[in-house]
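Chains as they are written, first to last, in the numbering used here: chain B, 18 to 301; chain R, 18 to 301; chain H, -4 to 309; chain L, -4 to 309.
Below is one structure; the comments refer to it alone.
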Ligand SMILES: Cc1cc2nc3c(=O)[nH]c(=O)nc-3n(C[C@H](O)[C@H](O)[C@H](O)COP(=O)(O)OP(=O)(O)OC[C@H]3O[C@@H](n4cnc5c(N)ncnc54)[C@H](O)[C@@H]3O)c2cc1C
Ligand SMILES: Cc1cc2nc3c(=O)[nH]c(=O)nc-3n(C[C@H](O)[C@H](O)[C@H](O)COP(=O)(O)OP(=O)(O)OC[C@H]3O[C@@H](n4cnc5c(N)ncnc54)[C@H](O)[C@@H]3O)c2cc1C
Ligand SMILES: Cc1cc2nc3c(=O)[nH]c(=O)nc-3n(C[C@H](O)[C@H](O)[C@H](O)COP(=O)(O)O)c2cc1C
Ligand SMILES: Cc1cc2nc3c(=O)[nH]c(=O)nc-3n(C[C@H](O)[C@H](O)[C@H](O)COP(=O)(O)O)c2cc1C
Ligand code: FES
Ligand code: FES
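Pasting the structure below:
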């Protein structure tokens, strides 16, 4: 996506609000006036671990309003557990805003927003932006079970239709959200999605079949989050505007010997060139 | 000290109360009926780290009453920080009660209790026991600064005299608590002390000079806390009843060669044979 | 009773058959009784006893422990009463353990290993011998037996020659090529390999300006070294056919599974017990669930399945 | 201005003089500009650039990172555009950095090291060369240069022969005796040693039953390896007289001090930047406080003071 003119920095924020859903998802409200002002839809923050000893954690900026932002956390490992345990009053330092968000101009008239799990965190700001600029959107939202579906109402309040799916059928469509999207009759000009990789791949396939384009907000294990370590990459078309300038190269560890073996793709950094990519440019 | 007939176990406790002093010492109140019933003065608990990934932490049992106990925490490293961050409602698993506490019968008529820093945590139960059985005691209590002196009132309430010292002179005697003890006119039959090693060594020296005995509750980095790893040892007189049965041995890594080189001491486990030892039996 | 809900966790390390594939690491579990109030020893596979030497040893000066990020440094220095006192006073008690008992032998010369193994292995209370070859050899400038293929081979052969009991040899990660040492030790007659012992390390007290351990250097254990241990197992599993006891930082069934999938037939839990004595039981129950969920009838079915190079116990 | 409140933190690595003794680890700090929004580059000693090879390399398949207890596994696979593209498009930009710039050279043959060093070292934007010898040598069954004294010596000599710029050689901890390698590399003409590169490791995804890294194995960094790194510095400092750049898990001034007291003249921060980009500045300010509190006029005064075997830079 196009580089945005926001300048990231380290911000010292404070937890001012903490919600925990039945399914254990935690939403941390933070006093963070500068981030709230600067952040664009689809950008993220790196949360400095309060106890040190591990890399910072990448988190989408979920809400941003009135000097506050919020983060939505699913506990999957030690880093997210440590963050989810933060209580009101705790300090949290963030590197933000980071990455290139969605290309909002390219999200034209009728947009399908597709969210899987806490991928929802990256969908609210785009939804607000789309409705504010008078465009139509519909949210397809999937989770493992009914309890794990959170905050749909925030989308409905924007006047956005919401269709939900659960893996176990406890609410809405019984199955994956991408199956729901496929079966759904509605035609959309463009898709925008955030969620686990298999879901994003399926969204890419659906877009191809429908002859529309899809913007995918990718997730991968990050270390630096600022483009310094080349750890968070995804294979992308050499011709993509997001592809790093890079001569033809070999792909193997013994690459010293066969630079001639050209490859069609190069690795782009999700944290820097992304996290949002056009699905038809990915080679994954 | 003599082995006590309490049987340790793993207890699942819950934080029911949390106090934090100005100097950052945290006192966690726990619902732990069995420990409250079983614990003897000078025993300790091993706190299972809520996040795993590190050894359990040894903590003296500070208070015990009405199905509750409390722990007093000074944050010195990652483990104590993690525990000090626990909030009311959090679960905490404890291996307890552990170790041999003070030999209360040997603490005869007039006892000087000497506490340094959070060593105070191991002094309240003995103080309660002594006053309940009609014996006299006086508390000498030292800390770095006035703010770090906590809960003296709990001792005063028992009718125990309290003399305090601070390293920076912000309250009480300006200097080490052991200097205060030395200058103090009062004669005591016996000393009982808990605090940092240098303080305990000084208490041992004072006892020797005065011709009385001292029971010292030692601290050392623990790993298992149950006598399994031999990591927490202190050198002790071979003839002490607390000394492990052990043939004469060499002390060096190349001990294969010179078992004949007899030593006067052996290493006893602080967690198992202790944590309380008679100062005149230590060879440290 | 459906097979899937009771997957078979049995494992054989040479002739040592264990009901469950969990051993308690040498030096970390005492003789078992220390942990009896906190864990049901009938539910663990074996306790590996603290290493014993020919002559008594006082052990290292204090401090012997230092906590590091997700790890523990130790330098106990093999404090033990020596084999004769051990045989006379300690070994008889091991008969009452409701799990297998593995004796651990340490030494400073090939002759030490032979002598102590022979003396210990004749006792019925001892079901198998583990050779802790991570001691310096006094004959060759303090080089560690486990860090030199010739010394490792000699110690293994010496122990093998004096006992028919199952012989586990414990390898050190502090080498350039652990697979090469493993191959030599297999050839010398080991029935199984313990992979890995602690990683050399040091912490310095910056206030006192000296090492935090009395012995200066020590051995690093715990979750910090798990990735190092998993790779060592992976590499050894592609080099030998005898079973491997994987160890280093195991605190959960998922941690243990990393070792099984890399090619370990059993696992050992040391420092994990210091975190929580329930770890060994959590591991076995978690393994049962994992296998049942995947319809596997036995642990054996998944051993080495993540490792394309896995040779497999013969 | 009292001397004690402004202790001298300067360090010399051969002819490379740094105002403050902090280098940013190769591969962890990009070319510096990535961290410019978060850290004042004028306050760091040097950025060590991502390693560059003779030919372009796409790098390893994904995933390339896995988080482990207090550690990070990486297998980037030296993704880089190759020396020619690098010289043509990237190097000129480094001139604007307000700190020293150290080029990092990787290779798969002795000739690679010589060639890339020569091409890179002539550029004024590059103030020193670090030789990353942790790559497999294709000529000898994939053995790593840093794990074989002969290969390490050959690579160092080859680089030394083609440049007079300060030459730092980066050693691997994955060896039986790092001090022996250090001695050979010193003899081959290195001006300084970087100790240590990452420790080999692996993590396995037990759900998918395969290694979590696309490359299977990777390098472990971060606080988990700090004790391993401190001991490596301690041992190397007793074996050589050239300065040592200590690294492995540094996140604070206290962490850095462990390395200085063990015998390092400077430190490098890699993974610590991923924890918090303020780590390098916290390290220098913490060092100043530590020295001032002890009345030390310079960092040099305390280097190696915990290590009785310390030989000291000549
Ligand atoms: C741009 C971006 C935006 C993001 N936004 C959000 C957001 O808004 N909210 C949010 O909750 N998350 C978000 N994420 C994801 C979040 O960053 C990760 O979930 C987090 O970094 C995980 O860190 P951790 O240490 O908790 O888990 P890790 O320890 O890193 O574990 C990560 C995964 O590995 C698995 N795992 C761990 N150990 C093993 C093992 N032994 N075997 C097999 N699998 C294992 C875990 O179960 C988990 O699925 C985002 C990620 C990116 C890149
Ligand atoms: C029987 C017994 C009873 C105890 N009772 C209590 C009690 O009631 N309350 C209480 O608060 N504590 C008590 N302790 C002490 C407590 O167990 C320890 O303080 C705790 O284990 C420290 O763990 P940690 O991980 O927080 O610190 P660690 O990380 O283990 O650090 C311990 C010490 O090492 C220092 N240190 C860490 N890193 C470095 C470094 N790089 N250089 C130099 N020094 C360093 C720390 O500053 C600290 O002083 C007791 C101990 C024992 C043995
Ligand atoms: C305190 C302590 C003492 C140990 N003593 C011995 C020993 O005597 N013999 C031995 O072979 N291994 C010994 N070890 C190594 C462990 O058995 C184990 O191999 C190692 O710690 C790695 O596993 P872990 O991370 O699960 O602890 C010891 C480890 C620790 C932590
Ligand atoms: C993501 C990542 C990439 C790295 N890339 C390189 C590299 O290209 N060349 C190199 O010499 N070292 C590389 N390293 C090693 C670091 O420079 C450093 O020596 C090591 O990580 C130990 O220090 P640390 O714990 O502070 O990170 C890399 C480390 C990481 C974590
Ligand atoms: S996480 Fe480091 S480059 Fe993306
Ligand atoms: S801490 Fe293990 S024996 Fe005391």
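Built from N, CA and C at the ideal position, the CB exists for glycine as well.
Keep in mind it's a predicted model, so treat the numbers as computed, not measured.
Would you list, in chain order, the members of the region 14 to 30 of chain L that have their beta-carbon closer than 7 Å to a beta-carbon of chain B? Those would be 22, 23, 24, 25, 29 and 30, in chain order.
What is the DSSP secondary structure of residue 191 of chain H, reduced to helix, strand or coil? DSSP places residue 191 of chain H in coil when its eight states are reduced to three.
Please give the ranges of any beta strand (DSSP E) in the region 51 to 76 of chain H, keeping only runs that are unbroken, at least 3 residues long and fully inside the region. Listed in chain order, the complete beta strand (DSSP E) runs (minimum 3 residues) inside the region 51 to 76 of chain H are 60 to 63 and 66 to 69.
Which whole-angstrom value describes the C-beta separation of residue 128 of chain B and residue 206 of chain B, a residue pair presumed to lie in contact below a C-beta threshold of 8 Å? Cβ atoms of residue 128 of chain B and residue 206 of chain B come within 8 Å of each other, at about 7 Å.
Please determine whether the Cβ atom of residue 25 of chain B lies at a distance below 6 Å from any heavy atom of ligand 1. No, the beta carbon of residue 25 of chain B sits no closer than 6 Å to any heavy atom of ligand 1.
Taking 6 Å as the line, does the beta carbon of residue 71 of chain L fall inside it for any heavy atom of ligand 4? Yes; taking the cut-off as 6 Å, the Cβ of residue 71 of chain L has a heavy atom of ligand 4 nearer than that.
Is there contact between the region 210 to 223 of chain R and the region 132 to 149 of chain R, where contact requires at least three CB pairs shorter than 8 Å? Taking one beta carbon from each stretch, the region 210 to 223 of chain R and the region 132 to 149 of chain R have 3 or more pairs nearer than 8 Å; the two touch.
Taking only three categories from DSSP, how would you classify residue 304 of chain B? With chain B running from 18 to 301 in the structure shown, residue 304 of chain B is simply not present.
For ligand 5, any of its heavy atoms closer than 6 Å to the Cβ of residue 240 of chain B? True, at least one ligand heavy atom lies under 6 Å from that Cβ.
Which one or two residues does DSSP pair with residue 16 of chain R in a beta bridge? No information on residue 16 of chain R is available, as it lies outside the stretch 18 to 301 that chain R covers here.
By the DSSP assignment, the alpha helix (DSSP H) with residue 151 of chain L in it spans what residues? Start and end: 144 to 157.
If we cut at 7 Å on Cβ distances, does residue 296 of chain L have a partner in chain H? For residue 296 of chain L, the answer is no, since every Cβ of chain H falls outside 7 Å of its Cβ.
C-alpha distance - residue 90 of chain R paired with residue 45 of chain R, whole-angstrom precision: In this structure, the alpha-carbon of residue 90 of chain R lies about 8 Å from that of residue 45 of chain R.
In three-state terms, what does DSSP make of residue 97 of chain B? Residue state, collapsed to three classes: helix.
Quick check on residue 176 of chain R: buried or exposed, where buried means 16 or more other Cβ atoms within 10 Å of its Cβ? Residue 176 of chain R should be labelled exposed.
Can you give me the C-alpha to C-alpha distance between residue 81 of chain B and residue 95 of chain R, rounded to a whole angstrom? Whole-angstrom Cα-Cα distance: 33 Å.
Distance cut-off 6 Å: residue 301 of chain B Cβ against heavy atoms of ligand 5: Annotation for residue 301 of chain B indicates a beta carbon at 6 Å or more from all heavy atoms of ligand 5.
What does the alpha-carbon distance come out to for the pair residue 97 of chain B and residue 179 of chain H? Going from the Cα of residue 97 of chain B to the Cα of residue 179 of chain H covers about 44 Å.
Output yes if chain L places a C-beta closer than 7 Å to the C-beta of residue 274 of chain H; else output no. Not one chain L Cβ lies under 7 Å of residue 274 of chain H.
Give me the chain B residues within the contact set of residue 62 of chain L, using Cβ-Cβ distance strictly less than 8 Å, ordered along the chain. Within chain B, the residues whose beta carbon sits less than 8 Å from that of residue 62 of chain L are 71, 72, 94, 95, 96 and 238, listed in sequence order.
Does the beta-carbon distance from residue 170 of chain L to residue 171 of chain H come in below 7 Å? Yes. Within cutoff.
Could you give the DSSP three-state label for residue 274 of chain R: helix, strand or coil? With a pLDDT of 39 at residue 274 of chain R, under the threshold of 50, the predicted position of this residue should be treated as unreliable, and no value is reported.
Interface residues of chain B around residue 82 of chain L at Cβ under 8 Å? Those do not exist, as residue 82 of chain L stays about 12 Å from chain B at its closest Cβ, beyond 8 Å.
Buried or exposed for residue 104 of chain L, going by 16 or more other Cβ atoms inside 10 Å? Per the 10 Å Cβ criterion, buried.
Taking beta-carbon pairs under 7 Å, can you tell me which members of the region 181 to 205 of chain H lie near chain R? Cβ contacts with chain R come from no residue of the region 181 to 205 of chain H.
Per-residue contacts from residue 140 of chain H into chain R (C-beta, under 9 Å): Close partners of residue 140 of chain H in chain R (Cβ separation under 9 Å) are lacking, with about 13 Å as the shortest Cβ gap.
Counting C-beta neighbours from all protein chains within 10 Å, is the total for residue 150 of chain H 16 or more, i.e. buried, or is it exposed? It is buried - the Cβ of residue 150 of chain H has at least 16 other Cβ atoms within 10 Å.
For residue 263 of chain B, write down the residues that DSSP places opposite it in a beta bridge. Its beta-bridge partners do not exist; DSSP assigns none.
Sequence-distant residues of its chain with Cβ nearer than 8 Å to residue 122 of chain L (five each side left out): Cβ-Cβ distances below 8 Å link residue 122 of chain L to 11, 41, 95, 96, 97, 160 and 161 in the same chain, with the five nearest sequence neighbours on each side left out; the list follows chain order.
Residues sharing a beta bridge with residue 254 of chain B, DSSP: Here residue 254 of chain B is bridged, per DSSP, to B:282.
Short Cβ contact (7 Å threshold) for residue 229 of chain H with residue 251 of chain H: In this structure, residue 229 of chain H sits away from residue 251 of chain H, with a CB-CB distance that is not shorter than 7 Å.
Run down chain B in chain order and give the residues with a C-beta less than 9 Å from the C-beta of residue 93 of chain L. Scanning chain B for C-beta atoms nearer than 9 Å to the C-beta of residue 93 of chain L yields nothing, as the closest lies near 17 Å away.
Do you know how far the Cα of residue 105 of chain B is from the Cα of residue 243 of chain L? Taking the straight line joining both Cα atoms gives about 34 Å.
Along chain R, in chain order, which residues have C-beta atoms closer than 7 Å to that of residue 104 of chain B? By Cβ distance, chain R contributes 104.
Considering only DSSP beta bridges, list what residue 131 of chain H is partnered with. As DSSP reads the structure, residue 131 of chain H sits in a beta bridge with H:139.
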